[in-house]
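Its first residue numbered 0, the sequence shown is counted upward by one per residue in numbering that gives the first Met the number 0. For glycine and all other residues, C-beta sits at the position ideal for the given N, C-alpha and C. Take a look at the structure below.
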Amino acid sequence: MKSVYLARHGHLELPTGGDGVQLLYGPNDPLSQKGFEQADMLADFLFKTAAFARIETSPNLRAFQTAERISIKFGGIPIISHKGLRAADLLYYSNQPLVRFLQDGQNPFSVAHEGNETLEEYEKRVLETFEEITFNRNDPVLIVGHGEAIKLLMHRLRHPEGPPSFGESVDYGQALGLTLDEYGKLIHSVSIPEETKPRGELR
């Protein structure tokens, strides 16, 4: 059996253009102050839960900053950036007026636009990267990434066949702890920090 932890980056604010128009975030938008606090809190809980030798992360700034805070808590362990873990390539929406996204129904995969990854393409690279990271690994694995990728991956772990869809949702600055068998089949999952928090904390 192997232990894999899927952590979502901390909170970030939607950026604003020079004309004051609110934009949808892109790959280089940073964590908010709340996001840094969430990352530090997640690091505290992970530190009580498992020992990691390194952190695998999306290269998007919000994920990398989250990984950095966790690395500090674990004594400065290495951070490995994987392009395959990046957020979906959505050039039509990225750092563009938020109204574009809202008009399409707040589902970036529902309408095809030039420069956007399809749901199938996104799932394929997420799964391939996950398998690359976890293959022949017996030590606990920590992956820091994005909400949509975690939902796609969780659905596929529970439903190996069929079209891509979305499984468990993970809030900003939270994680799922997975137990997989030797063939990569999901045995058990647990939410972090909910099921690890001491009484009276994180109200």
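Residue environment: residue 162 is assigned as exposed (fewer than 16 neighbouring CB atoms within 10 Å of its CB, all protein chains considered).
Residue environment: residue 148 is assigned as buried (16 or more neighbouring CB atoms within 10 Å of its CB, all protein chains considered). A distance below 6 Å between beta-carbons, with the five flanking residues on each side excluded, links residue 61 to the following residues of its chain, in chain order: 8, 11 and 30.
As DSSP reads the structure, residue 131 sits in no beta bridge. For residue 187, the enclosing beta strand (DSSP E) begins and ends at 185-191. Under the three-state reduction of DSSP, residue 68 is assigned to helix. In this structure, residue 73 lies away from residue 44, with their beta-carbon atoms at least 9 Å apart. The alpha-carbon separation between residue 192 and residue 41 amounts to approximately 7 Å. For residue 7, the enclosing beta strand (DSSP E) has its first and last residue at 1-7.
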